[in-house]
Amino acid sequence: MPICVRCSYQSPDGFRFCGDCGAQLPTVAALRETRKVVTVLFSDATGWTALSEQFDPEALRAVMSRYFKAIRATIERHGGTVEKFIGDAVMAVFGVPRLHEDDALRAVRAAAEIRAHLPSVAELAGVTLRFRTGVNTGMVFTTEGESLAVGDAVNVAARLEQAAEPGEILLGEQTYHLVRDAVDAEPTAPLALKGKARPVAAYRLLRVRPDPVSRVASKPRATLGNGSSPASQPAPRMVGRDAERDRALSVFGEVTASGQPQLLTVLGEAGIGKSRLAEELVRELVASATVLTGRCLSYGEAIALWPLREAIAEVAGGESRDAIRTLLGDADEGDVAADSIASAVGLGGRDDLGERVPWAFRKLLEKLADRRPALLVIEDAHWAASPLLDLLEYLVDALSAPVLFLCLARPELLDKRPSWTADRRALFLAPLGDHEALALLEAQIGDQRLTKQQTTEILKNAEGNPLFVKQLLAMNAEDPSVSRTGEVPLTIESLLAARLDRLGAGERAFIERAAMIGREFPSAAVVELLPAEMRASADQYVDALHRRGLIDPHETRLAGQRQFRFHHILIRDVAYHSTAKGLRSALHERHAEWLHRLGEIPEEFVGHHLEQAFKYRQELGGLDDDTAAIAARAGGHLASVGARGLCRGDANAAVTLLRRATELFAAIGAERPDVLLDFGTASSECGDYAVARDALRAALESARRSSADALAARIALELADVDALVDASIRLEQTEAVVERSIAVFERVHDEGGLARALVQLADIHWTRGHFGQVERVLERALIHAERAGVPRERSRILTGLACTTVIGPRRATAGIVRCRAILDQGGDDVRLAAFAGTMLAVLEAMQGRFDEARSRWRASKQQLQDFGLGVTAAILVMYSAYIELMAGRPENAERELLEAYSQLERVGECSRLATIAALVARALCFQRRHDETEPYLRTCADSASEDDVVSQVLWRATRATVVARRGDQELAARLADDAVTLASQTDFMLLRADALSCRADVMHVAGRPSESIADLGHAIALYERKGMLISADFTRRSLRAAPSSE
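When you read off a place in the sequence shown, starting at 1, and then add 21, the result is the number in my numbering.
Here it is as structure tokens:
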């Protein structure tokens, strides 16, 4: 009974179309359609015209028959298949119907033999045939049992033949890459081939070497065993890694002795033995250390912390929030830490604790390493998402516990973290030597009997790569008759593809479906995807695949299900990429449905499989209603997960998910302005302002087309906010108009949350103008709406703004201290709010002269932000904390912190606060009498500050005035100082107004105008006292007493 690949319905035998959905049913042959990498040969003989002139047609036919027979025999002798003759030209395929690991070399040898020997078929006529030949390797689509192959690789081979001169053999780039150690060849100039958009690289074959030197061209990756505890079963002796093991153990000893963490990265090509080394370390340390292991997923961006989820589950004995809480024991704030970790790794918990995730993992690791040191192994770290790498760097720097982070990665990791070989320790694994490779082979040989030639060939082709040794040995056990003598060194991809090509139909069907699921798979999921007639034999297929060394049993966390794991990820990759795309699409869709029904799998997995189903269907058949429906479901799942990530502050993960969702909706022409809004907001939080603006503009147009007024108003607010950050030409009046229109919409539809958001942005406008009393009043109104709407994110922003107004607004310092303490009491677990309120309280305490308390509080606030990955926010707060050191008379300390903040904001492209920070750097330099160093920072502020940014405009003018005065340009200095005082007087920022007056007093003093200087100092003292800035008032009073009196 045939099974429909679209809906899984089993139709009666003889049906050509599905009895349920009407789709055409696949034939038996269609079920065997496959994709494979093959090598294609095109060869055309020149000289036939001259031959035709001399021979009678019957005689010519006899000559041509000998020619066709000879060329077919040559091709077939090398394992190729003649696909067709086209006149006097021939097309042959190496790899159809059966793949060989050395198909490329076989094709090149056949081409060389044709060139050398086939001209003799016309020698009797005195005519010399010369052959033009093209050989190319690439992916084709073919049907098992047939020789027909379709794909670009065929077209390129034909074009190479056409580009070749008589007697010339041209090799495509991939063919040359596979045979380069067995041939002599030279590159040609890039070829402009018909139908190709770009010139194609090619190589001219000179000769095939009689004894090619083996060299592996592609290498797989190793694994950490079969999922069982490394200490629970015996392992073969590790070969050739004693020095690397001893070095790693030495690093662990340093970690244990010092009580401090270290990161050790083990780097090497795929299959070189990274995981085997890690397994040995685990075996040696498991009795004396807490061991945690986790691996990164090949499509893991959507699950950035999946390795940590696995590692925690390993030591916790299960995957749940309660299990995590048990591990934390009596740790301070254990419940909050457990909720934070559970939410971050997808096990529930609270979504509002995203900022506490780094701190929570630090707490957990400190607890786990409390009694004995810990080893955390991260496998396949080259697939790690940036949030995981960032977290690892943070933990290594912030932990105060003996933990060794052991990251296993291919060299590609250095593309993401080039500093890990400089700033961190690294081990580079080289190939094994000949004696070591032989020892490894002998340890793995088991009951096999190898001839000396077989041993030599295995070691030659392995080139010291341990996985090559093992896989070549496994292939020899399956088919001892396979000859490798004189052949090109195999790539792992070719090796595994050839092994898979020899599987039975049932085994192949099982492994293809398992490959679609991923590296690890429950057997029940695969059985669901098998054709009905094969399901009863599933256990037999599993046993056969395990026996062949392709899959291994693996522990499962899905109750009652057997779980397996591909012995190596490249086995999975080869099996997946050889599966026809149409079948892939159907399988992805069906597996997504199974996951959805199961209900125990993270939603992003469902979205991923639906996304893949859509992409393959679209690629093969365009866009119909069913395909669009799949895309909509995929986008919905991804958008949902992304929105939750944004809510908990995981903007990096949210951006990836939301980008994929928006692309899916765009592909089917679906209007989803809500998803674009989330994507734009997440992009803005990540500092990608150009992308954010594009997304928000598109969202706004879409919302307006659908007359979603409230949504359009929210989008307009976010867009205005981003515009103001990146475009200094945007005037406040423009932003204010957007806010006023949004407020009108929200009032009309009674959107309390929208009103809260709009009022926060209105407060920002007053903030930029320097009207901080008005800021306070607007935020208090916004707080009422936020609390009515129950939107904690807006409430946090509002309380943060109110805390900041205590420093820069008209409220006295003593009253500000009371308010900040009240806000801290209201903040609960909101780390960002606590850090802002704590920083403002620190500045207010410094105003009172309590510098030790102020510094301690600021350090704690800064550490809080860094603990939770909010480094940019900490940099922004330096605008305030710098005043602690300036008031304390330690401008060099202020300069150091300001420069760090300046670099960080410049790196992420934030220009609004960067302007203020730049002016403050110049101010700190002036306090140190280093006036000549101020110009770059003053220029940055003047160029990047918005005209409406009163604070920055005052700061750069006042500071430049003091610099210019010392250069002797008193007229310019006085004009700048007057402008600064005038601008500052329009605000109720007491510190800014007093500082502007103090700067003008300095300018007047340098200009020899003491009476004006004394007057400004007097006004400044009054403002300092009015604010309650006792230290600044006392300092200015001393300056006043020291000032010469006017005559």
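By construction, the Cβ of each residue, glycine as well, lies at the ideal position given by its N, Cα and C atoms.
Note down the Cα distance separating residue i from residue j, rounded to an integer number of angstroms.
i	j	result
F700	A653	16 Å
R762	A777	14 Å
M160	D742	49 Å
L329	T314	8 Å
S907	C932	Just to set this straight, residue 907 is Leu in the shown sequence, not Ser. Computed Cα separation, rounded: 23 Å.
R802	V712	32 Å
P255	E301	Note that P255 scores 49 on pLDDT, short of 50, meaning its location in the model is unreliable; the coordinates nonetheless yield the value given after this. Rounded to the nearest angstrom, the two C-alpha atoms are 11 Å apart.
G657	Q633	14 Å
M1050	D1023	20 Å
R540	E331	14 Å
Q991	E968	25 Å
D351	R911	41 Å
E54	F162	7 Å
R242	E400	For R242, the pLDDT reaches just 27, beneath the cut-off of 50, and the residue's location in the model is therefore unreliable, leaving the point undetermined.
I1052	D372	43 Å
L227	L120	26 Å
Q869	A1015	16 Å
Please classify residue i: is it buried, with 16 or more other beta-carbons within 10 angstroms of its beta-carbon, or exposed?
i	result
I107	exposed
F587	buried
L150	buried
P408	buried
R1059	exposed
V770	exposed
E508	Annotation note: pLDDT 36 at E508 (below 50); position unreliable, coordinate value reported separately. E508 should be labelled buried.
V26	Only weak support is given to the placement of V26: the predicted model assigns it a pLDDT of 43, under 50, and the question is left unresolved by the model.
A847	First, the amino acid is wrong: residue 847 is Gln here, not Ala. When all chains shown are included, Q847 counts as exposed.
L386	buried
F38	exposed
V171	exposed
E290	buried
L429	buried
K240	A caution first: K240 carries a pLDDT of 28, below 50, which makes its placement in the model unreliable, though a value can still be read off. It is buried - the Cβ of K240 has at least 16 other Cβ atoms within 10 Å.
A137	exposed
State yes or no: is the C-beta of residue i within less than 9 Å of the C-beta of residue j?
i	j	result
R153	Q183	yes
G822	D1009	no
A133	I190	yes
Y923	I938	yes
V760	D730	no
H198	C317	no
M537	H612	yes
V747	G930	yes
A464	V303	no
A565	G525	yes
D695	L732	yes
L845	L862	yes
Under DSSP, the beta strand (DSSP E) around residue i begins and ends at which residues?
i	result
A269	It is not in any beta strand (DSSP E) - A269 instead sits in the alpha helix (DSSP H) that spans 263–279.
H575	572–575
E54	54–67
F115	110–115
E207	204–208
F38	Careful: F38 lies outside any beta strand (DSSP E) and carries neither H nor E.
P543	541–543
Could you spell out where the alpha helix (DSSP H) holding residue i opens and where it closes?
i	result
K215	Looking at the DSSP string, K215 is not in any alpha helix (DSSP H), and its letter there is neither H nor E.
Q949	From DSSP, Q949 is part of no alpha helix (DSSP H); its letter is neither H nor E.
A998	991–1006
A737	730–747
Using a Cβ-Cβ distance under 9 Å, would residue i count as near chain D?
i	result
T1003	The question asks about chain D, but that chain is absent: this structure has only one protein chain.
task: Check whether the segment 935–955 touches the segment 978–989, counting contact only when three or more Cβ pairs, one atom from each stretch, lie closer than 8 Å.
output: Flag = yes, the segment 935–955 and the segment 978–989 touch.
message: With three or more C-beta pairs closer than 8 Å as the rule, is the segment 125–133 touching the segment 529–541?
response: Too few Cβ pairs lie closer than 8 Å, so no.
query: Do the segment 799–815 and the segment 781–791 meet, that is, are 3 or more Cβ pairs less than 8 Å apart?
result: Touching, per the Cβ criterion.
Three CB pairs or more closer than 8 Å across the segment 877–889 and the segment 852–864: Enough Cβ pairs lie closer than 8 Å, so yes.
- prompt: On the three-pair Cβ rule with 8 Å, is the segment 658–665 touching the segment 637–644?
  reply: Cβ pair count under 8 Å is below three, so no.
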